[in-house]
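Note that the protein sequences, when read in sequence, are chains A and B. Under the numbering used here, the first residue of the first sequence carries the number 13, and numbering increases by one thereafter. Under the numbering used here, the first residue of the second sequence carries the number 155, and numbering increases by one thereafter. Each remark here refers to the structure printed beneath this line.
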Amino acid sequence: MVDASRHPKVTILAPATVQKVEGYIGNFHVSVEEQPRYVIAERCNGCGACAKVCPIEVPNEFEANIAPRKAIDVPHGQAVPLVYAIDMDHCIHCYQCVEACGKLDAIDLAQKPKQHELDVGAVVVATGFDVMDPSPMAEYGYGRYPNVLTGLELERLSNSAGPTAGAVVRPSDGQAPHSLALVQCVGSRDARYHLYCSGFCCMYTIKNAVALKTNQPDLDITIFYMDIRTPSKGYEEFYQRAREMGIRFVQGRPAAISEDPVTHNLRVLAEDISIGQTIELETELVVLSTAAEARSDSGQLAERLTIPRDTNGFFTEYHPKLRPVDTPIEGVFLAGADQGPKDIPAAVAQGSAAASRAARILSTDSQLIEPTVAYAWPERCISAQGKKCGICATKCPYKAIIVEPGSAAQIVPASCHGCGACVAECPHNAITQFHFTDAQIIAQIGALMAVQPERKIMAFMCHWCSYGGADNAGSSHFQYPASSRGLRVMCSARMDSDFVFEAFRRGAGMVLVSGCHPQDCHYITGQQHAARRFERLAGTLEKMGISPQRFRVEWISAAEGQKYARVIREMDEALRAMDPAQIAAENQAARAQLDSRLRRWPDVPGVAETLREYPEPTLGPLASLAR
Amino acid sequence: MGKTPDLMAQVMAEPGGEQLHTCLSCGTCTAVCPIQWWNPAYNPRRLLRLAVMGQSKALLTSPTIWFCSACDQCYHRCPRGVRLSDIMAAIRAVALRLGIEPDRDSALVNERICAGCGQCAELCPYQAIALQVRRVLGKQKKVATVSAVRCLQCGICAAACRSNAITVPSFADGELLRQVRACEVGRLEPVEARL
Chain A
13 MVDASRHPKV
23 TILAPATVQK
33 VEGYIGNFHV
43 SVEEQPRYVI
53 AERCNGCGAC
63 AKVCPIEVPN
73 EFEANIAPRK
83 AIDVPHGQAV
93 PLVYAIDMDH
103 CIHCYQCVEA
113 CGKLDAIDLA
123 QKPKQHELDV
133 GAVVVATGFD
143 VMDPSPMAEY
153 GYGRYPNVLT
163 GLELERLSNS
173 AGPTAGAVVR
183 PSDGQAPHSL
193 ALVQCVGSRD
203 ARYHLYCSGF
213 CCMYTIKNAV
223 ALKTNQPDLD
233 ITIFYMDIRT
243 PSKGYEEFYQ
253 RAREMGIRFV
263 QGRPAAISED
273 PVTHNLRVLA
283 EDISIGQTIE
293 LETELVVLST
303 AAEARSDSGQ
313 LAERLTIPRD
323 TNGFFTEYHP
333 KLRPVDTPIE
343 GVFLAGADQG
353 PKDIPAAVAQ
363 GSAAASRAAR
373 ILSTDSQLIE
383 PTVAYAWPER
393 CISAQGKKCG
403 ICATKCPYKA
413 IIVEPGSAAQ
423 IVPASCHGCG
433 ACVAECPHNA
443 ITQFHFTDAQ
453 IIAQIGALMA
463 VQPERKIMAF
473 MCHWCSYGGA
483 DNAGSSHFQY
493 PASSRGLRVM
503 CSARMDSDFV
513 FEAFRRGAGM
523 VLVSGCHPQD
533 CHYITGQQHA
543 ARRFERLAGT
553 LEKMGISPQR
563 FRVEWISAAE
573 GQKYARVIRE
583 MDEALRAMDP
593 AQIAAENQAA
603 RAQLDSRLRR
613 WPDVPGVAET
623 LREYPEPTLG
633 PLASLAR
Chain B
155 MGKTPDLMAQ
165 VMAEPGGEQL
175 HTCLSCGTCT
185 AVCPIQWWNP
195 AYNPRRLLRL
205 AVMGQSKALL
215 TSPTIWFCSA
225 CDQCYHRCPR
235 GVRLSDIMAA
245 IRAVALRLGI
255 EPDRDSALVN
265 ERICAGCGQC
275 AELCPYQAIA
285 LQVRRVLGKQ
295 KKVATVSAVR
305 CLQCGICAAA
315 CRSNAITVPS
325 FADGELLRQV
335 RACEVGRLEP
345 VEARL
């Protein structure tokens, strides 16, 4: 931290809040409000004379509220910058600090918040986590029994710079305990609070136990656990060392903690599951390893940065394996426990990764993007005509579309990932996607359905999953009938209902719409948009008179070659079971409605020409002869 | 019997048994169970484990599968929100299908006195009492009937019965009164004087 503060290219704004983030990768504009310290940073030399005379004492948040601090204080001893700040919630305006500061004259009670407007190329979010308050778990008595502490409180007590200068004592009587019980998974792995494993509690508990046992070998330490998780390098060896030191490990989750009202000793009730017997352990101090949880204000920040959060409130990475530090918003990166609970080595590794990902952007003047971005024709967008719409912006998983009333939707190419959701969802066909224009897709449908379409399966596939699945079927030699004709788009979200209508208009026997499983979608919410769309479409087609078995929606992953082959086999069987004459009759009956649905399509640039270039195949006697 | 590989599936197929596979075997239930305090042989966690492992003989012949009183102390503390009383009911249902019944007493109804008011049936926490028409002293009459399988001898019915028609073996009124009197021994007043 000290190095960072001295670096000529690093500016630290503290205490500060991000208020607004606009722009896109390489061109972010961030509004930051620097809260007043009521102390002039340039004049304060960190001597602490003001805190000495301050008469107000309040709980010290850094010391887990087990020690006091003054109303003018630094957040903690190693704070950077080391500048005192007045806590106006508690200051009584006695002005003793002003007097103590004397000639330095650093205290300015009239200081106002300072606004900073920053133009930055990349943003790294490293806002950390909160520790769960275990008081709602009444069975453990935290808050009721003085000698039940949290892991963080023990951490401060055992710290030589902490409130007791490193002496671990019982809050009830200030005496050093002779026995200690540590309870794991308090609030973690618990469906009532947080289902996830907080990940680092096992290790810090063992670390604390080893440290205490080293200082005080006769201290009786018991660790109650469900599972000890030591997955990283050297961790299991450390756990082994703790066992060798004589620390008792009991597998069994405590069900209740009760207190002896006279001695304030605690009784931990648990089943030792390895012997299948309930034990009641009397101990002088209990420490709860509480869960890590997302910061309470993470929602606010997520909103300002337009980055997604998971159900637990942690920020979501772009891809859990392949892009673990990126967010779906290009140019915004995640570091540390704001993305999920993690220990120090993992947080440091992720921080370094995020910094180098950000440096990659800052070191170039231009950014290479995929060529398949979307484009909105200003003259076709009804928002430009003053009408209210903005559907595209609500469908974009990347917030790449700016819709302001009175002007056309504007797609920021640098933020666009090219899923095509907006293209398919635009009710006015005002958006197109380069390399996947409607005209290009019509041409492909035309070519694929040119000969004997009533005997073919028109299969729409997404680039990442179902196309990979089909590829997997081929490369693994899973056999399936040759009647399918695949058409690849980037995401199932791009598959416009019009494509399905067009396929049936051209006489397709069957239409398959396929994409990723919902959790695998490479465009976050793309599959969800598609799933909703095709659920509606299935009903529409049935009303048009198209037999339900002729339209199928399947989610197939890139590894599910077997599934792809099976789906095509089943569809082919169903197709063979149908009379071609019936297919022709259904198509004929639906014709008027299909035409009506597609009547405005030729207005889209390029579509009319393509429709002329790929005339519909002539159906008729040839089809029935072939059977 | 002995081992039944699909025992877990059988338990999970019974209503209430669905959550069997979510149990982490952490032991919270056993530690907090009031029945376990009274009888350490009762280990609900172990019973669930036996079901998961297909140990049908050890599970279904164990007298402890009939012990759960559905107080749900464990349910409120379970980190997976497993309602153990429901799973116990599912295990018992599997046992009953195989003809295994609990070897214990249940509440007894004196059908001659029973007025058939149905208050006991309403109050029974285990739905062990139902009103049935029976032939009593040559007359057709509605009387309370206790299911031996469901009854846990809590005695709520016996206490509530306005006709004193129900009693719980080994906790009959007379026995309890003798115990109350025994508590009075040692007092200065003569016991008989007040009774």
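The beta carbon of each residue, even a glycine, is placed where N, CA and C say it ideally should be. Note that the structure is a prediction, hence the values are computed from the model and not measured.
With a contact defined as Cβ atoms closer than 8 Å, Ala602 (chain A) and Phe516 (chain A) qualify at about 7 Å. Counting every other CB atom within 10 Å of its CB across the protein chains shown gives Ala244 (chain B) a total of 16 or more, marking it as buried.
Across the region 255-279 of chain A, CB contacts with chain B closer than 9 Å involve Gln263, Gly264, Arg265, Pro266, Ala267, Ala268, in sequence order along the chain. Within the same chain, Cβ atoms closer than 8 Å to the Cβ of Pro493 (chain A) are found at Ile580, Arg581, Asp584, the five residues on either side in sequence being excluded. Under the Cβ criterion of 7 Å, Thr328 (chain A) is not counted among the residues facing chain B. Annotation for Ala542 (chain A): Ser504, Ala505, Met507, Gly527 place their beta carbon closer than 7 Å to its own, counting only its chain and skipping 5 residues before and after.
Scanning chain B for C-beta atoms nearer than 7 Å to the C-beta of Ala282 (chain A) yields Gly181, Ala185, reported in chain order. Annotation for Ile443 (chain A): no alpha helix (DSSP H) segment contains it, though the beta strand (DSSP E) segment containing it runs 443-445.
For Gly133 (chain A), no CB of chain B lies under 7 Å from its own CB, so it is not counted at the interface with that chain. Burial is judged here by how many other beta carbons sit within 10 angstroms of a residue's own beta carbon; Ile267 (chain B) has fewer than 16 and is exposed.
Using a Cβ distance threshold of 7 Å, Ile240 (chain A) and Leu194 (chain A) do not count as a contacting pair. Counting along the chain, Glu338 (chain B) sits inside the alpha helix (DSSP H) bounded by residues 327-338. Identification of chain B residues near Arg201 (chain A) by a Cβ-Cβ cut-off of 8 Å yields Leu178, Pro233, ordered along the chain.
Annotated three-state conformation of Val165 (chain B) is helix, per DSSP. Setting aside the 5 residues that flank it on each side, Asp85 (chain A) is surrounded in the same chain by Ala63, each with a C-beta closer than 6 Å to its C-beta; the list follows chain order. With distances taken between CA atoms, Ile381 (chain A) lies nearest to A:His429 out of A:Ala420, A:His429, A:Ala367, A:Asp309. Phe250 (chain A) sits in a helix when the DSSP states are folded into three classes. The bridge partners DSSP lists for Gly35 (chain A) are A:Phe40. Of the candidates A:Val160, A:Val136, A:Asp607, A:Ala138, the residue whose Cα lies closest to the Cα of Ser147 (chain A) is A:Val160.
When secondary structure is reduced to three states using DSSP, Ile68 (chain A) falls in the coil class, being assigned neither helix nor strand. Taken in chain order, the complete alpha helix (DSSP H) segments of 4 or more residues contained in the region 511-594 of chain A are 538-556, 573-589. The region 75-92 of chain A and the region 160-180 of chain A touch, with no fewer than 3 CB-CB distances between them shorter than 8 Å. The beta carbon of Ile287 (chain A) sits no closer than 7 Å to any beta carbon of chain B. Per the Cβ contact rule, the region 396-410 of chain A is not in contact with the region 449-468 of chain A (fewer than 3 Cβ pairs under 8 Å). A distance below 7 Å between beta-carbons, with the five flanking residues on each side excluded, links Val22 (chain A) to the following residues of its chain, in chain order: Ala16. In summary, Asn599 (chain A) is buried, with 16 or more beta-carbon neighbours lying within 10 Å of its beta-carbon over all protein chains present. The region 271-278 of chain A makes no contact with the region 237-257 of chain A; the number of CB pairs closer than 8 Å stays below 3. Distance from the CA of Glu628 (chain A) to the CA of Thr444 (chain A), rounded to the nearest whole angstrom, comes to 24 Å. Those residues of the region 136-159 of chain A placed with their C-beta closer than 8 Å to a C-beta in chain B are Glu151, ordered along the chain.
CA-CA distance, Ala313 (chain B) to Thr321 (chain B), rounds to 8 Å. Leaving aside the five residues that flank Ser286 (chain A) on each side, the residues in its chain whose CB is nearer than 6 Å to its CB run, in chain order, Gln263. Under DSSP, Phe472 (chain A) shares a beta bridge with A:Leu499, A:Val525. For Thr242 (chain A), no CB of chain B lies under 7 Å from its own CB, so it is not counted at the interface with that chain. Taking the C-beta atoms as reference points, His534 (chain A) is found no nearer than 7 Å to Trp613 (chain A). It is roughly 39 Å from the alpha-carbon of Pro617 (chain A) to the alpha-carbon of Ser375 (chain A). In this structure Glu46 (chain A) does not touch Gln31 (chain A) by the C-beta definition: roughly 11 Å separates them, more than the 8 Å allowed.
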